[in-house]
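Single-structure report; data block below.
Protein chains: 2
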Amino acid sequence: MKESEAPDPRPYHHGDLRRALVEAAVRLVEADGPGAMSLRAVAREAGVSPAAPYHHFKDKSELLDAVAHEGWEKLDLAFRAARDAETSPPNRVRELGVAYVRFAIAHPALYRVMYDCSRDKADMPAHVHENEESAYRRVRDVLISAGADPADEVGLELATIACWCAAHGLAEMTTFKQFDALKAELGGEDAFLRGVLGHVGVFAKGLQR
Amino acid sequence: MKESEAPDPRPYHHGDLRRALVEAAVRLVEADGPGAMSLRAVAREAGVSPAAPYHHFKDKSELLDAVAHEGWEKLDLAFRAARDAETSPPNRVRELGVAYVRFAIAHPALYRVMYDCSRDKADMPAHVHENEESAYRRVRDVLISAGADPADEVGLELATIACWCAAHGLAEMTTFKQFDALKAELGGEDAFLRGVLGHVGVFAKGLQR
DNA sequence: AGATCATCTTGACAACGTTCAGATGGGTCC
DNA sequence: GGACCCATCTGAACGTTGTCAAGATGATCT
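Take a look at the structure:
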C-alpha cells in the first residue's frame, strides 16, 4: 500500500516537515524581513512544536541556509531566462546584470538572507561559484561569448568580479533607496538600471578593450 | 565650581555614559560581529545596569544608529585623506573607490552596521547624502573636477551612483571572500582593488565619453 | 534647605534559541 | 500477528535577550 517509487528519503509523521518548514520560513522572511523570522514562529506556522525543527536542522542558521538555497535557485532561473532572451553577446552581459538587480528588487528579504547566512563563513555562498552550473560560471561564460579572452585567466576573473560587484552594489543600494525621481525621469526602472550599469565598462561594451 | 563652558548637555552620575555606551558598542561590534552585540552586554561592558541605556537611547536600534554614525565619520576621514593624497582628477575618482573598499576591509563589522541599521528605513543612511559635507557629495565633486558636466544633472547622478555601487559591491564581496590567490598574483591588495575598479568606466577614465 | 528632575537600579515580563527526557507511531524482523 | 527499533514529534525546562514600570540616588536651582 506504499508507493515504493517515492524519490526521496520517506517523510514520517508530518508528511514532509522539512519542506514545510523551509516554505514557512521563506514566507515569513519575505513578509516581515529576515529579523522577524524566529525558529519558533516558523514552527508555529507549520503547526508543530518549537523543538520539532531540530530534527531536520541542527541550527537556526542551517534553516536559513536552506532558505538561501531556495533563493539561489530562483536567481539561477532568472539568469537563464535573461541569457536566453537576449542574443547579442554584449547586451547579454548587461541584461544579466539587470536580471540580477531586478531579482533583488523583487525579493529583497530573500536576497539579503542569501548573503547574510554565509556571512561568517569567510567565503561567498557556495552555490555562487562552486560547481559547473554556478551563477558565477554563467557570468564568466557570457563574458567569453562577448569577446573576452578565455586564455587570460586573471583578466577574465577580474572582469567577472567587476560585473558581479557592480550588480551586487546596485542591488544592495536599491534595497534601501528607491531612486524614484531618477526612474521617473528616465522612463522606468529598466532604463534606470541600464543607465547605471552603462557606466560600468564591462557591461557597457563587453570586453573589447 | 562648575565649568559653565561645557559644550554639551552636562553628564550626570556616570560621567558621560552615552559616550561610554557607544564606545563599548563599537568595541563589541568590531570584536565579535554585529550579531553578538547585545544591549545587555554593552551595559555590562560599561559597568551599568541592563536598563541604563534606555535613558540615552530609546531602542537598541538607536544605539546602533550611533555606532553607524561613528563609522561614517571614520569613512569621511579616509575619503578626505584619499582625495588630498592624489592630485590627478581621474585617479582621484579611482582612489576614492579604493579608499572606500579599504575602509570596509579594515572595519568589516562596523561597515555592516552602517548599512544594516538603516535597512528598514527605505533610504540610504542619512549621513551619506543629506548634507553639504556628505560622502555622496564628495564623490560627486571629484567626478566634476575629473571632467563631468555639472549641468547634466541626471548623467552626473547616474555616474555617482555607478561609482558608489561598484565600490559598495566590491566592499561587500571582500567581506566574505578574500580573493587571496588573485591578490597574490597581482602583487597586493591595492593592485587587486585597482584591477577590479579598472573595469568600471567611471573609475577607469573619469567621464570623458 | 527643600524641591526638582535627569539619571541609574531593581525586578519583572514575554519571547527567543536550545536541550533533554519521554511519548508516538511507521517499518522491519521473527 | 507480535515485538522490537528508530526516526519523529511533544512538553517542559534553562539561560539569555529586549523592554518596561517603579523606586532610589544625587546633582542642580531657587
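Quick mapping for you: the protein sequence lines, in order, are chains A and B.
Read in order, the letters of the first sequence correspond to residues 1 to 209 in my numbering.
Read in order, the letters of the second sequence correspond to residues 1001 to 1209 in my numbering.
Glycine included, C-beta positions come from ideal geometry on N, C-alpha and C.
Item                                                                                                                                      : Value
CA nearest to the CA of R1102(B), picked from D1190(B), V1200(B) and G1198(B)                                                             : D1190(B)
L156(A) beta carbon less than 9 angstroms from that of V93(A)                                                                             : no
Simplified DSSP assignment, three categories, for P1050(B)                                                                                : coil
9 angstroms Cβ cutoff met for L1197(B) and A159(A)                                                                                        : no
Contacts around R40(A), its chain only, beta-carbon distance under 8 angstroms, and the 5 residues preceding and following it disregarded : P50
Completely contained alpha helix (DSSP H) runs for the region 1137–1207 of chain B, where each covers 4 or more residues                  : 1153–1174, 1180–1186, 1189–1197 and 1201–1205
Start-to-end residues for the alpha helix (DSSP H) that takes in E1130(B)                                                                 : Segment: none, E1130(B) is in no alpha helix (DSSP H) and carries neither H nor E.
8 angstroms contact criterion, which A24(A) and V42(A) should meet: CB distance rounded                                                   : 5 angstroms
Neighbour flag for T175(A) against chain B, beta carbons, 9 angstroms                                                                     : yes
Cβ-Cβ separation, T175(A) to P125(A) (assumed contact under 8 angstroms), whole Å                                                         : With a Cβ gap of about 17 angstroms, P125(A) and T175(A) do not count as contacting.
DSSP three-state assignment for G33(A), whether helix, strand or coil                                                                     : coil
Under 9 angstroms between C-beta atoms of L17(A) and V98(A)                                                                               : no
Chain B within 9 angstroms of A151(A), Cβ atoms only                                                                                      : no
Cβ pair K1177(B), D123(A) closer than 9 angstroms                                                                                         : yes
Short Cβ contact (9 angstroms threshold) for A1104(B) with A166(A)                                                                        : no
Proximity winner among D1065(B), A1066(B), V1139(B) and S1088(B), relative to Y1100(B) (alpha-carbon distances)                           : V1139(B)
Contact with chain A by P1007(B), beta-carbon distance below 9 angstroms                                                                  : Note on P1007(B): pLDDT 42, under 50, position unreliable in the model; the coordinate value appears next. Chain A, which has no Cβ nearer than 9 angstroms to the Cβ of P1007(B), makes this no.
Residue-level contact to chain A via CB, M1114(B), 9 angstroms cutoff                                                                     : no
Alpha-carbon to alpha-carbon, A1184(B) and L75(A)                                                                                         : 31 angstroms
Three-state class that DSSP yields for K74(A) in the structure shown                                                                      : helix
Cutoff 9 angstroms: D1123(B) Cβ touching any chain A Cβ                                                                                   : yes
Partner residues on chain A for D1120(B), Cβ-Cβ distance less than 9 angstroms                                                            : G33, G35 and F176
CB of V1146(B) within 9 angstroms of CB of P1090(B), strictly                                                                             : Contrary to the premise, residue 1146(B) reads as Ala rather than Val in this sequence. Yes, they are a contact pair.
Per-residue burial, R1038(B) [other beta carbons within 10 Å of its own, 16 or more giving buried]                                        : The sequence as given places Ser at residue 1038(B); Arg does not occur at that position. The residue in question, S1038(B), is exposed, as its Cβ has fewer than 16 Cβ neighbours within 10 Å.
Members of the region 154–171 of chain A that neighbour chain B once the beta carbon cut-off is set at 9 angstroms                        : V154, G155, E157, L158, A159, I161, A162, C163, W164, C165, A166, A167, H168, G169, L170 and A171
Three-state secondary structure (DSSP) of R209(A)                                                                                         : The pLDDT assigned to R209(A) is 38, lower than 50, so where the model puts this residue is not dependable; a value taken from the coordinates is nonetheless given after this. Three-state DSSP puts R209(A) in coil, outside helix and strand.
For E1130(B), the nearest candidate out of L1170(B), W1072(B), A1171(B) and P1150(B) (CA to CA)                                           : W1072(B)
Contact under 9 angstroms by Cβ, L21(A) with F57(A)                                                                                       : yes
Close Cβ partners of L1182(B) (< 7 angstroms) along its chain, the five nearest in sequence each way excluded                             : F1192
Min CB distance G1147(B) to chain A below 9 angstroms                                                                                     : no
Buried/exposed call for R1112(B), threshold 16 Cβ in 10 Å                                                                                 : buried
Helix, strand or coil at E62(A) [DSSP, three-state]                                                                                       : helix
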